[in-house]
Each structure stands twice: as C-alpha cells, then as structure tokens.
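Report on the following structure.
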Amino acid sequence: IWGGFFTPTEAGAIASLYAVILGGLIYRDLSLRDLFNAFQRTLMFSAVILLIIAVSSFYGWVLVRLGIPQAL
Numbered sequence: 129i130w131g132g133f134f135t136p137t138e139a140g141a142i143a144s145l146y147a148v149i150l151g152g153l154i155y156r157d158l159s160l161r162d163l164f165n166a167f168q169r170t171l172m173f174s175a176v177i178l179l180i181i182a183v184s185s186f187y188g189w190v191l192v193r194l195g196i197p198q199a200l
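With positions in the sequence shown counted from 1, the corresponding number in the numbering used here is that position plus 128.
Shown next, in the form of structure tokens:
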C-alpha cells in the first residue's frame, strides 16, 4: 500500500491469496476441507452483515417516509 502498488482492498485480496498459497502449498497445513469451511464461515458472516445493512437501510427509509425526523 505504501509503495503505491495496491489499494487497501487489493492488498487484502493479495494477502488472502498469499496465505492460502503458503498454508496449502508450502506448509501443507491447509486442506481443501479447511479451505471450504473457511469460505463457508466467511459467507455466513458476510450474509449476516449484509442483512443488518439492508434492514437498517429499510428502517431509515421508513423513518424518513413517515416524517419521524421532522416530528422530533
């Protein structure tokens, strides 16, 4: 990031790929089952966070639609 090669998002993706390569190919400590479980947990956490964002966005829309901020 400091050298200007990657943005923070790209650096995170490259670091994740590097960790998978190190764990799976170099150290032989990461199996396909472990990798699948990690992806599955990541998917579940991401879904929960996106659900919270969606519900809060809808709640904000409802508040504005009903004029609650103006009434307060």
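Just so it is clear, CB atoms sit at the ideal spot from N, CA and C, and this is done for glycine as well. As the structure is a computational prediction, the values presented were derived from the model and not from experiment.
Residue state for residue 163 is assigned as helix, using DSSP reduced to three classes.
Taken through DSSP and simplified to helix, strand or coil, residue 137 comes out as helix. Between residue 160 and residue 148 the beta-carbon gap is near 11 Å, outside 8 Å, which marks them as no contact. If you draw a straight line from the Cα of residue 156 to the Cα of residue 165, it comes to about 17 Å.
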